[in-house]
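Just so you know, the sequence shown maps onto residues -25 to -1, 1 to 675 in mature numbering (1 follows the signal peptide of the UniProt record, and there is no 0). Positions of the beta carbon are idealized from the N, C-alpha and C atoms, including for glycine. Owing to the predicted nature of the structure, the values given are computational and were not obtained by experimental measurement. Working notes, structure below.
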Amino acid sequence: MKTKMKTKCMMIFILCMLLQTNVYAQENCWPIQGKNYGDDLLYGPDDLVYNKILDKKEPFLGYAITGDQHSEILAITSGVVKSINVSFSPDFYRVFSFDNVDEGRQIMKKHQYNTKFLTMEVWIKMEDGMIVTYTGIEPDTVLVNVGDQVKAGTCLGKMGHANKLIEDYCLIVKGSYKGKTKVPKIFSGSQNDGNTVQDVNEGHGNLEKDYRSTKLTVQELKDIFKVFKESLYEGHPALTEYVTPSTLADAFDDIETQLNSPMTANELFLILNEIIHLIQDNHTYIDKKYLRDETKLYNKPYDFPVKLGVIDKKCYVLARYAEIEGLQVGDEIVAINDEPMKGIISKLSQGSGTGDGYIEGFEEQFLFTEAKHLSSGFEILYDMVYMPSAGDPLVLTTKSGKDIPWVLKKENKPAKEPTKWVPYEVQELDQDVTHLRINGMSMDEKTILEIEDILLHTTSQNLILDLRKNPGGSAETIHKLFSYFAEDEFKVAKGHEVKHNGIYGFFKYTDNMIPNSQPYSHYKADKNGDCYYMDAHTHPEVFPTYKPNENGIYTGNVYVLTSELTGSAACILASLFHEHDRGLIIGQEGAGGYHMMCGLDFSKVMLGHSSGLILHMPMIKIISANSAKDISYGRGVIPDVIVTRSIESELSHEDTVVGTAIALIHDNDKRIDSILRNRMVIKRVIRSVWDDFKRIVQSF
């Protein structure tokens, strides 16, 4: 008896030692109150579940634990609550998120889903950056808030229903680290083996692919092309807005003839991007998922020795990361590896995104500004198109004819200070000029009220509103921000259009849309039957007339700065200043259309399971309330004062656009008044002529 007791105590002691060897395991607990390790486990990390998109079974890579409505959910480790989301999981490979519980219930009822499967997700970030996600907490029972510090064993709420495929009450626990799936190890014994997390890419090699060299088969290419083409034709609300149907059809036919031999995902991306460029929609693009995977393209064993950028169709050295004899910042590069730069720029442009319609300058900006989330910048696009490897030569030919040889290798680039994204920045440039930079349009009510407070309490008579690096965001922010400047009532949009109001067959290929659903059943068929719409007559609550801010407005002069990277919602905001003659636009033409753009709802179409490519496609065409005829259809907000980019201005590190605004404020007040006055006169004349023309047409 004593021997058995000693043996049992020794086993417990060894187990405790194993747990304590792990930095987190010493505080780990089973996530269900009153349950022991392993109780009521439905699925573990290595259990296989069916993935409908891939049509095969895959490892679950998490824990699904059943219980009842009284089961209390516990945090398995200490950390900070990073996010609390409302979600619905119809299966094991998709999650739909909602802004709030009421919205989620309404949408689920509309699509005839049982609302008991609406659940809460709590994301807790551990000290080392590991994020543990708890899905299956009953709405209205969550006991923690974003920002809370929690300890292992903290009660998060009561159990709900984590997934439609699991009828019972259930909690699903999963994890991630730096964007990669990790499995939280919450078991004791042999399954723990001293590790808190398991890298799912170890032991599951099929989840990792070398997208740079692995070639897709001809059948895979044809299957991907079929999904790509059918999805665009069925769902895109403005597919032939800027290209004729016959031209688009010919382009599809031409691409199909090229898919007769195996090719890499990058090669396929460039071919399919020919269609994207024809559509000319800023929100339609192919998302290169594998480019964001730090184990792939961006963790390559080499870097360029210099930063290159394209200005006025010429390539310049903007910075050096290594000492290279004979090469200086500002030098023009006319060839790389004996290929003329003109041809290289053309190929790289094919890999870039597009602006809306006939907007100018967007592709060149993609070859100048480096941003991983946009897959832009000379080096990133060069790597996509040419796919060089470590050890390959990189011979840069300067305008003077000098060849600068280099072998691609990993360089130690200057360390950059980590920067935290902020929604806005404000600076008093002098006693009468305030510079307000808005970095994105997705902001909470608290942030919007902070901006209101700045605008209503500043004593500056001149405000520089900087939208140059604002990629857009929430459409709900547009009218709130402009109401702080509006002198009269205004509208933002006058209508929405979709392709049809029935079931979209291609939703089965997406990872964010519910298959066999009718999200736009409330849209009406137009008289020609070629689209479905809603407007202020059918849905006045969706297209209201807004009033100036009831607490007051900023009454000073406004100078709005735009660039080729001013996107979507930020472009609409800038357009309101132009439409209502409320400010002077300075800089470059934005990326979003003045009279129309697509957005609001987006489908993410998985282009096969081997390519790593995702078609990002808008579902709604937004008809702007803007009516200014001084901007041609298909163009963006064209500045009143255009500031051209030059290599001299870029290398001077001076902000020439802000400098132009300040110069106009201090030295050219009369000129500004003249510009605004002339613009208003031109608009009145154009509108008068247009009204006369419409009356003449109607008389016939």
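By the DSSP assignment, the beta strand (DSSP E) with residue i in it spans what residues?
i, result
"F200", "Counting along the chain, F200 falls outside any beta strand (DSSP E), though it belongs to the alpha helix (DSSP H) covering 193 to 210."
"G470", "468 to 473"
"S599", "588 to 599"
"D441", "437 to 441"
"L140", "Element bounds for L140: n/a, residue is neither H nor E."
"T329", "No beta strand (DSSP E) contains T329, which DSSP labels as neither H nor E."
"E307", "307 to 311"
Residue j and residue i - do their beta-carbons sit closer together than 8 Å?
i, j, result
"P65", "M594", "no"
"V56", "S62", "no"
"I59", "V125", "no"
"G150", "C4", "no"
"N476", "N445", "no"
"C573", "H258", "yes"
"P280", "W381", "yes"
"D278", "Y291", "no"
"F518", "K596", "no"
"L49", "P6", "yes"
"F67", "L17", "no"
"V633", "H410", "yes"
"N248", "I261", "yes"
"I320", "L371", "no"
"V580", "R557", "no"
"E209", "K474", "yes"
"I286", "E472", "no"
"N235", "V193", "yes"
"S538", "N601", "no"
"G531", "L639", "no"
"V76", "L93", "yes"
"I429", "V401", "yes"
How would you write the range of the alpha helix (DSSP H) that residue i sits in, first residue to last?
i, result
"R80", "76 to 85"
"S627", "622 to 627"
"L424", "420 to 432"
"P220", "220 to 233"
"I637", "631 to 642"
"residue 676", "For the chain, the structure presents residues -25 to 675; residue 676 sits outside this window and is missing."
"Q325", "316 to 325"
"L93", "Premise fails: L93 is in no alpha helix (DSSP H) and is neither H nor E."
"F353", "353 to 361"
Write down the C-beta distance between residue i and residue j rounded to the nearest angstrom, noting that I regard them as a contact closer than 8 Å.
i, j, result
"T215", "L223", "6 Å"
"residue 680", "E554", "An answer regarding residue 680 cannot be provided, because it is not within the stretch -25 to 675 covered by the chain."
"I254", "R610", "About 16 Å separates the two Cβ atoms, so there is no contact after all."
"A544", "S449", "6 Å"
"G37", "E102", "Their Cβ separation, rounded to whole angstroms, is 21 Å, which puts G37 and E102 out of contact at 8 Å."
"C546", "G527", "At roughly 26 Å, the Cβ-Cβ gap does not stay under 8 Å, so C546 and G527 are not in contact."
"I112", "K133", "7 Å"
"E47", "C130", "5 Å"
"M362", "N241", "6 Å"
"residue 744", "S624", "The question about residue 744 has no answer here: the residues shown for the chain are numbered -25 through 675."
Does the beta-carbon of residue i have 16 or more other beta-carbons within 10 angstroms, so that it is buried, or is it exposed?
i, result
"L588", "buried"
"I478", "exposed"
"P34", "buried"
"V612", "buried"
"D74", "exposed"
"K197", "exposed"
"I561", "buried"
"T52", "buried"
"L23", "exposed"
"S578", "buried"
"P159", "buried"
"V121", "exposed"
"I453", "buried"
"K(-22)", "Only weak support is given to the placement of K(-22): the predicted model assigns it a pLDDT of 44, under 50, and the value that follows is read from those uncertain coordinates. K(-22) should be labelled exposed."
"residue 695", "Outside the displayed range of the chain (-25 to 675) lies residue 695, so it cannot be described from this structure."
"G301", "exposed"
"D306", "buried"
"W396", "exposed"
"P398", "buried"
"H136", "buried"
"V618", "buried"
"A365", "exposed"
"R652", "At R652 the pLDDT is 49, less than 50, meaning the model places this residue with poor confidence and gives no usable figure here."
"H497", "exposed"
Any C-beta of chain B sitting closer than 8 Å to the C-beta of residue i?
i, result
"L207", "No chain B is present in this structure, which holds just one protein chain."
Extract the residue ranges of the beta strand (DSSP E) inside the segment 537 to 574, only unbroken runs of 3 or more that lie entirely within it.
559 to 562
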